[in-house]
Each structure stands twice: as C-alpha cells, then as structure tokens.
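Order-wise, the sequence lines are chains A and B.
Mapping of the first sequence onto our numbering: position 371 corresponds to residue 371, and the numbering continues sequentially without gaps.
To get our numbering, take the position in the second sequence, counting from 1, and add 1000.
Beta carbons are placed, not taken as given, at the ideal position from N, Cα and C, and that holds for glycine.
There are 2 protein chains.
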Amino acid sequence: MATLSYLTTTHFDFGALSLVGKEMKRLNVRRPLVVTDAGVVGAGLLARLEEQLNGMEHQIYSSTPANPTEAAVLSALDQFSRSGCDGIICMGGGSPMDLGKAVALLAGNGGPLARFEPSSGGAKLIERICPIIAIPTTSGTGSEVSVGAVIILDDGRKATFASPKLIPAVAICDPDLTMSLPPQLTAATGMDAITHCIEAVLSPVVNPPAEGVGLDGLWRGWRNIESAVKDGRDKEARWQMMMASTEGAMAFVKGLGAVHALSHSAGRLPNLRLHHGTLNAVFLPAVLRFNRDSARDKYERLTTAMNLPQGADLADAVAERNAQLGLPAGLSAMGVAPSMMEDLVRFAELDLAGRTNPRQLTRGDFETLIVASM
Amino acid sequence: MATLSYLTTTHFDFGALSLVGKEMKRLNVRRPLVVTDAGVVGAGLLARLEEQLNGMEHQIYSSTPANPTEAAVLSALDQFSRSGCDGIICMGGGSPMDLGKAVALLAGNGGPLARFEPSSGGAKLIERICPIIAIPTTSGTGSEVSVGAVIILDDGRKATFASPKLIPAVAICDPDLTMSLPPQLTAATGMDAITHCIEAVLSPVVNPPAEGVGLDGLWRGWRNIESAVKDGRDKEARWQMMMASTEGAMAFVKGLGAVHALSHSAGRLPNLRLHHGTLNAVFLPAVLRFNRDSARDKYERLTTAMNLPQGADLADAVAERNAQLGLPAGLSAMGVAPSMMEDLVRFAELDLAGRTNPRQLTRGDFETLIVASM
C-alpha cells in the first residue's frame, strides 16, 4: 500500500477501501454524511462502503446531480445539520466530491456560497472545515486531493472554489472501485485526468515539483488509457489511470487553462448536462493549437511524456486518440448549437481557469476556440 | 515568488531571505538559535541573515563541523537550553541543517540520540519538535525539505534519523545565497542533488508523484550543473540547481540506495572528513552499473531526463560529467586506502539507505562497488 503525503495523505492501492473505518477513528468522525450519487449506488459501490462501515452510524445523501448545483448543496447541508453529522465521506466522481466539499464549507462557515468565490478573494473567508474523507470511483477528477470544488450557483455561474482547506483530510484511492466503470466513462474521465496534467504543466505559475508530478501523470495516463477503455478488467491499467488522476490534481495547484474555462462554461449549459471530462477531451485539440507558440519548451516535455516523436503535433495526437476512444468529435455531436455561443463565451471569460492559460485570452479567442471545437 | 506546499511550505526565489522575519512571527518564534558554520560566516551570509533579523533576539551557534557529530549536537543543545531558545534557524549546507534538526529533536524529546534511530523503530518516539526555519546556502542536500538528519554518533555510526516531524516548518530557498559558492563545491553539491534524484527514482517504493518530482529535478540538475560550475554568476543556472536540490529531497521520501549507504559509511571515516556530495559523485557510476538490470524501465526514464540517447550508458555519462566538473576520479584520489575496506563495508551494510536500493546488496556487493570506485 502506497501512502503518499504531499498535499494530503493518500492511501493508494487495490483494497484501500478497507481503511475507511480506521481513518474515521483517526479523524474523530463519529457520524459522517456519505455524499454520493445514483450511479455509485447502482454500481453497488455504496454497498461496499457500507459493508466497511459495519454498523457505524452514518447518513446517506445520494441525490448528487451531475454538475452539482447550489440547491443540491443546500439540500445535503440540511441533512448534514439535522442529523448532527461531524464529517463527510465523498464517494464517487467529481460531482459528489465537489458537492461534499461545498457542504463542509457551508457547515463550517455559513452561507451563501457565492461569498467564498476566489475571484473576489473569498477563499480567505474559509475558516473551519469538518474532516472530509474522499473515495473516488472514477479516474479523472482528482478532486480527492485537490483544492477545488466546482458548483453551479443559483445565478447561473459555474463557480470554482479553491482553498487548501478544501483538500480532503484523507484520500482513499482504491482502483478496484473503477473496475466496473463502462468504457465511455473510462475514456471521458481518463481524458479529464490527462487534460489536468497537460494544462497544469502549461500554466505559467512557477512550481517545478507540480510540473514533474503532472508530467508523470501524463506519462502514465497516455500509456494506459487505451488499455483501460478496451478491457476494464485490466488491473494494471486501472491502477495507472487512477494514479494519473491523482497526480493531475496534485499538479493543478499550478492552475489550469483555457480548456477548463471552456468546459466549465459548457458544463453549465441548461438542459444539456454535458460531461466535464468529455468536454475537456473535445476542447483540448483546439487549445493545444492555440497555446503552442506560447510554451515551446513545455510542448517538448509534453511530447516526450506522451512518447511521441519531437515535433509531433500534440493537437492531432489528442484528436486521434479521442476518436480511437469513441469520444465525440466535437461540440455539435454533443448537442451544442451555434446559438449558444454568446452564453458560452460570457461564462468562459469569467472562469478562474483561464487566468493561468499560457497565452492570454480575449473574447475573440474564446469564440475561435469554440468554433474550432464544434 | 513561488510558494510550494507539498511536504512543507517553501518560499523559493531570489530575495526569499527577506521573508525570515515574517516567518518567525507566523511560527511564533521569539528567540531562535541560528545554527550555522564557519564557511557561512566567512562568506558573509550570516551577516545577511542578521541584517534581516534586524535587532530581533537570537543566539548563534556557528561551530557546526562538516559531517556533524553527536558531541557537536550536545554542545549546540546546551546553548539552546541555557538561552531559552524557542526555535531554530538552520543556515548552510547539509551539516548545519542536520545539526539543527538533531538539536530540535533532543530539545523536544530528551536524549540520547541513538534511541530515535529509525532502524530500531525509534522515529515513533519523536513527539515534539520546535519550529525549524531552514535556509540553504548550497544546492545539494535538500535537507530544508527532507525528513532526514544524518549525525555521526559517539559509537562511530553515521546514523540517519528520518521522520516527517524532522521536516522544517518552512524552507526559505534563496538562490542568491549560492552565488558565491566556489566551483568545486558547486560541482560536489550539485552532484549530491543529482544523486538524490536518481536514487529516489530507482527506489522500489511505490510513490509516482515523488518519482515525477525526482525526474524533474534530474532534468533541471543535469542541464544546469555545468553552467553553474563554469560561471557562478549565472542566475538562471543557480536557480535551477537550487530547485533540483529541493526536488531531490522531496523525491527521496521514497528512500535512497547503495550510493548513499556507501557515502554515509565513507563520510564517517576518521580524519578524512570527506565531502558527502563528492562521495556520491564518485560512487554513482559503479552503482549505476550494478543496478542496471534491476530497473530497466526506470533507466529509460532517467536517460530521457538526462537528454541522452536511449541505450546510452548512464554510468559512463556520470563518470564523464564528474571529470568535466573537476571532481575526483575515485576514492584513492580522496585518500581512501584499501586498508579501510572492512570498516567501509561494515558501516555501509548497517546504513538505512541500502534497504531501498533496487537490487539487494550483499557484503560482497559492497566490496565490489568500493573496489570499482577506488
């Protein structure tokens, strides 16, 4: 069992789920709210967690929506408070993680959510956070070790909350929980992890250790995503994809870039409920073309990590890989219409992630990137 | 200014020294013992620290020997206790760092030092440690972010103490403090950093983020060591070498290997007082030959990080680089005689670092490695 202590303590290996009771005791959590979603319940994973909890008191909130909303956060918070919970266990992909973090944020510091937005300096207002135990069931978000939580606010913005206090007290990464993830979700979440690694490396923020972690995550992710999609029972590939996901999020303490600004914006389009990882995969080629001349040296290192010949076009390589993995070729195939352009650009411009893109972004640039990704 | 928060908080950039007063306040340190050595005093670096302390109360212990001894630790501890100190500022290379950590260890937990040895499970006995502020003046040891402290005990062993509690509360990495480091020390400490990165990557302990950090440190160190040695005023090279040093120590949470087992043993040879980094440089080629078949995949990644063609002999590349940098060609040139063999092997076998070498080491292997390094 690898125990990594960088941003937080991470227990990482097949079978790690068995540590949950021990970790609850260590963190003095006696009545956790388990935050999860219907997919996790349906796949029988919540049952496996409850088996480990073995009669220990706990509450369950399993109605997390994809791309969680402020309303869902308030509903889970209500359950947390009414039941006298003292900690949170997030189990699932990015949505339950983010929702659980937001509940912990409000439980410890009072609302409304909007006042903690980092763009207005709100991260400083975060004082207390109850212990969060994060158990990923996909390999993509990395939210189990990340400083971030993304919530669609009542006013329509998809806001990113970011603070070291939002890093879970412990991450329990058990690749066994991803073995039944279907190929399409494996592909989409895997490309999410790969995008985290790439955008973190390209961010101009100076943090070489994070850059090294991102390059290592990319090295593992790019080598293993095809095997994991092709054969979900490939334990080695599942392990490596989960590691790429964790490393991606460790790396993005450096910030992300234009792909995420665009994906966050598209992720909040009403009615469509588009998958974050799929959006990242679709936006990545155009953004890689756009940024190329602003970070030549880093492109060389990305090329090496992806085991491509120097001078290879990274954008082409990603587009080709997307096609091999059965991911959509563009936004049109996902239901995004040209009429949504203005809305897409407006929220992409507001997004925090764009600020660490290696090349500055204008309104026109966002338009161009969206058109190129259609 | 890059502020990295992985194992500890690190302020990293030219000018970072100016943060020392602020950090003392944050850590509630009112009367630190400044642990340093004659070289740091002679180079005028202590004066630069005192300028920053600007009248704040502090004590100075500047008699740290190269390869610090238990006796020196006790003498500094005496000064710490008599003066009612409440924290430690280590300024210098590895020796003042290690001595300062050992003082903090004894001040908080009582002696003798030997009972904290990790080989006998003693790390668990470490309870309290006063705040340590670490300010490196060389780029090699990385002790400012490491879990370790190496002290020659009264019984003659060179013991490695290792515990997360020995990580300084904050590292202040100001490459400006290394600008006057002479070429030979730049070369020797630089090869120390490079050895840390290589041995950490090769350790079989599972920790991919640390591996990524080690590979990044190697990439920076290998590319910049020649420039830093050739022109000490090359700010970019000094920055990169200091980063390689910090990353090397972040990486070796995975453990080290045979090079360090041998260097620790040779470092305690009475009368010779051999430089740790120089010893690492001299042992590295033979150990790289010895380990090659036990870690083929990792050798490929090391080769890439060092920008060598695949299949290149890493041992030859290091030996060649040592020669270019003016480092000794072998142990004989450093005064080690064949008569010291038994002593060298005995203490190398006892050393903690050998346990994470990728290939198991017998007494005969150590003999072979020493003969090959003569």
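#### Entry: Neighbourhood of G92 of chain A by C-beta, 6 Å cutoff - its chain only, sequence neighbours within 5 removed
Locating residue 92 of chain A in the first sequence gives position 92, where the first residue counts as 1. Same-chain partners within the cutoff: T36, D37, V40, T137.
### Task
Using a threshold of 8 Å, state whether the C-beta atoms of A1159 of chain B and K1101 of chain B are closer than that.
Here the question's residue 1159 of chain B lines up with position 159 in the second sequence. Here the question's residue 1101 of chain B lines up with position 101 in the second sequence. Against a cut-off of 8 Å, the Cβ pair of K1101 of chain B and A1159 of chain B comes out as no contact.
### Query
Which residue from B:S1143, B:N1054, B:R1128 puts its Cα closest to that of G1094 of chain B?
Numbered from its first residue, the second sequence carries residue 1094 of chain B at position 94. For the residues B:S1143, B:N1054, B:R1128, the minimum Cα distance to G1094 of chain B belongs to B:S1143.
### Task
Would you mind telling me which residues of chain A sit closer than 9 Å to R1220 of chain B, beta carbon to beta carbon, in chain order?
Numbered from its first residue, the second sequence carries residue 1220 of chain B at position 220. Within 9 Å Cβ-Cβ: P208.
### Query
Are G1248 of chain B and N1067 of chain B closer than 8 Å when you measure CB to CB?
Along the second sequence, read from residue 1 onward, the residue named residue 1248 of chain B stands at position 248. Along the second sequence, read from residue 1 onward, the residue named residue 1067 of chain B stands at position 67. The answer is no: Cβ separation not under 8 Å.
### Task
Pick out the complete alpha helix (DSSP H) segments inside the segment 1031 to 1070 of chain B, 4 residues or longer, and give them in chain order.
1038 to 1042, 1045 to 1053
#### Entry: Minimum Cβ-Cβ distance from M241 of chain A to chain B less than 8 Å
Sequence index remark: in the first sequence, residue 241 of chain A carries index 241 (1-based). No, its Cβ sits nowhere closer than 8 Å to a Cβ of chain B.
#### Entry: chain B residues whose Cβ lies nearer than 9 Å to that of E377 of chain A
The question about residue 377 of chain A has no answer, for chain A in this structure spans 1 to 374.
#### Entry: Collapsed DSSP secondary structure at C1197 of chain B in the structure displayed
Within the second sequence, residue 1197 of chain B is the residue found at index 197, counting from 1. It is helical.
### Task
Go ahead and pull the three-state DSSP assignment for L1369 of chain B.
Within the second sequence, numbered from 1, the residue matching residue 1369 of chain B stands at position 369. Residue state, collapsed to three classes: helix.
### Query
Listed in chain order, which residues of the segment 1296 to 1323 of chain B have Cβ atoms closer than 7 Å to some Cβ of chain A?
T1304
### Task
Find the residues of chain B that neighbour V377 of chain A, judging by a C-beta separation of less than 7 Å, and give them in chain order.
What is shown of chain A runs 1 to 374, which leaves residue 377 of chain A out entirely.
### Task
Alpha carbon to alpha carbon, how far is G214 of chain A from S75 of chain A? Give it in angstroms, no decimals.
Counted from its first residue, the first sequence places residue 75 of chain A at position 75. Counted from its first residue, the first sequence places residue 214 of chain A at position 214. Cα to Cα, the separation comes out at about 36 Å.
### Query
Who does I1172 of chain B pair with in a DSSP beta bridge?
Counted from its first residue, the second sequence places residue 1172 of chain B at position 172. In the DSSP output, where bridge partners are listed per residue, I1172 of chain B has B:H1011.
### Query
Once you ignore the five residues that flank P1164 of chain B on each side, which residues in its own chain have a CB closer than 7 Å to its CB?
By 1-based counting over the second sequence, the position of residue 1164 of chain B is 164. If we look at P1164 of chain B and ignore the five residues flanking it on each side, its Cβ neighbours are V1147.
### Message
For chain B, check one thing: does any of its Cβ atoms lie closer than 8 Å to the Cβ of E247 of chain A?
### Response
Within the first sequence, the letter at position 247 stands for residue 247 of chain A. Closer than 8 Å: yes.
### Message
With the cut-off set at 8 Å, would you say L1153 of chain B and A1114 of chain B are in Cβ contact?
### Response
The count along the second sequence starts at 1 and reaches residue 1153 of chain B at position 153. The count along the second sequence starts at 1 and reaches residue 1114 of chain B at position 114. Closer than 8 Å, so yes.
### Query
Fully enclosed by the segment 252 to 303 of chain A, which alpha helix (DSSP H) runs are 4 residues long or longer?
258 to 267, 276 to 291
### Task
Give a yes or no on whether 8 Å exceeds the smallest Cβ distance from D216 of chain A to chain D.
Included in the structure are the protein chains A and B, with no chain D among them.
### Query
Mind checking whether G15 of chain A and D174 of chain A have CB atoms under 8 Å apart?
Within the first sequence, residue 15 of chain A is the residue found at index 15, counting from 1. Within the first sequence, residue 174 of chain A is the residue found at index 174, counting from 1. Yes; because the gap between Cβ atoms is below 8 Å, this pair is in contact.
#### Entry: Cα-Cα separation, W219 of chain A to T1064 of chain B
The residue you call residue 219 of chain A lines up with position 219 of the first sequence. The residue you call residue 1064 of chain B lines up with position 64 of the second sequence. Distance between the alpha carbons of W219 of chain A and T1064 of chain B: 43 Å.
### Status (buried if at least 16 other CB within 10 Å, exposed otherwise) for Q1310 of chain B
Sequence index remark: in the second sequence, residue 1310 of chain B carries index 310 (1-based). Per the 10 Å Cβ criterion, exposed.
### Task
Given a cut-off of 8 Å, decide if S1245 of chain B and T1141 of chain B are closer than it, judged by their beta-carbon atoms.
What you label residue 1141 of chain B is simply residue 141 of the second sequence in a count that begins at 1. What you label residue 1245 of chain B is simply residue 245 of the second sequence in a count that begins at 1. Going by C-beta atoms, T1141 of chain B is nearer than 8 Å to S1245 of chain B.
### Backbone secondary structure at T160 of chain A - three-state DSSP
As a working mapping, residue 160 of chain A is identified with position 160 in the first sequence. Here T160 of chain A sits in strand by DSSP.
### Neighbourhood of H275 of chain A by C-beta, 6 Å cutoff - its chain only, sequence neighbours within 5 removed
Along the first sequence, one-based indexing puts residue 275 of chain A at 275. Counting only Cβ-Cβ distances below 6 Å, and skipping sequence neighbours, we find A188.
### Query
Going by the beta-carbon positions, is the gap between S263 of chain A and L288 of chain A smaller than 8 Å?
Reading the first sequence from its first residue, position 263 is the one you call residue 263 of chain A. Reading the first sequence from its first residue, position 288 is the one you call residue 288 of chain A. Their beta carbons are not under 8 Å apart, which means S263 of chain A does not touch L288 of chain A by this criterion.
### Query
With distances taken from CA atoms, which of A:G190, A:S119, A:A323 is nearest G354 of chain A?
Locating residue 354 of chain A in the first sequence gives position 354, where the first residue counts as 1. Of A:G190, A:S119, A:A323, the residue nearest in Cα terms is A:S119.
### Task
Go through its chain and collect everything with a Cβ distance to R296 of chain A's Cβ below 6 Å, but skip five positions before and after it.
If you number the first sequence from 1, residue 296 of chain A lands on position 296. Excluding positions up to five away in sequence, the list is empty.
### Query
Given S1081 of chain B, which residues of its chain have a CB within under 8 Å of its CB, disregarding the five upstream and five downstream residues?
By 1-based counting over the second sequence, the position of residue 1081 of chain B is 81. Closer than 8 Å at Cβ, skipping near neighbours: A1107.
### Task
Name the one or two DSSP bridge partners that I1133 of chain B has.
Counted from its first residue, the second sequence places residue 1133 of chain B at position 133. B:I1089, B:V1170.
### Message
Between M1341 of chain B and chain A, is any beta-carbon pair separated by less than 8 Å?
### Response
Indexing the second sequence from 1 puts residue 1341 of chain B at position 341. No - not a single Cβ of chain A is within 8 Å of the one on M1341 of chain B.
### Query
Roughly how many angstroms separate the alpha carbons of V1205 of chain B and L1256 of chain B, rounded to a whole number?
Within the second sequence, the letter at position 205 stands for residue 1205 of chain B. Within the second sequence, the letter at position 256 stands for residue 1256 of chain B. Those two C-alpha atoms are separated by around 10 Å.
#### Entry: Among B:V1259, B:I1133, B:R1301, the one whose alpha carbon lies nearest that of S1018 of chain B
The residue labelled residue 1018 of chain B in the question sits at position 18 within the second sequence. Measuring from the Cα of S1018 of chain B, the nearest candidate turns out to be B:I1133.
### Message
Using only the alpha-carbon positions, how far apart do A1123 of chain B and K1230 of chain B sit?
### Response
Taking the second sequence and counting its residues from 1, the one referred to as residue 1123 of chain B is at position 123. Taking the second sequence and counting its residues from 1, the one referred to as residue 1230 of chain B is at position 230. Using only the alpha carbons, I get a separation of about 41 Å.
### Task
Name, in chain order, the residues that DSSP records as bridge partners for A149 of chain A.
For the purposes of this step, residue 149 of chain A is taken as residue 149 along the first sequence, with counting starting at 1. Note: A149 of chain A sits in a beta bridge opposite A:F161.
### Pair within 8 Å by beta-carbon distance, P1208 of chain B and M242 of chain A
The count along the second sequence starts at 1 and reaches residue 1208 of chain B at position 208. The count along the first sequence starts at 1 and reaches residue 242 of chain A at position 242. Contact flag unset, no.
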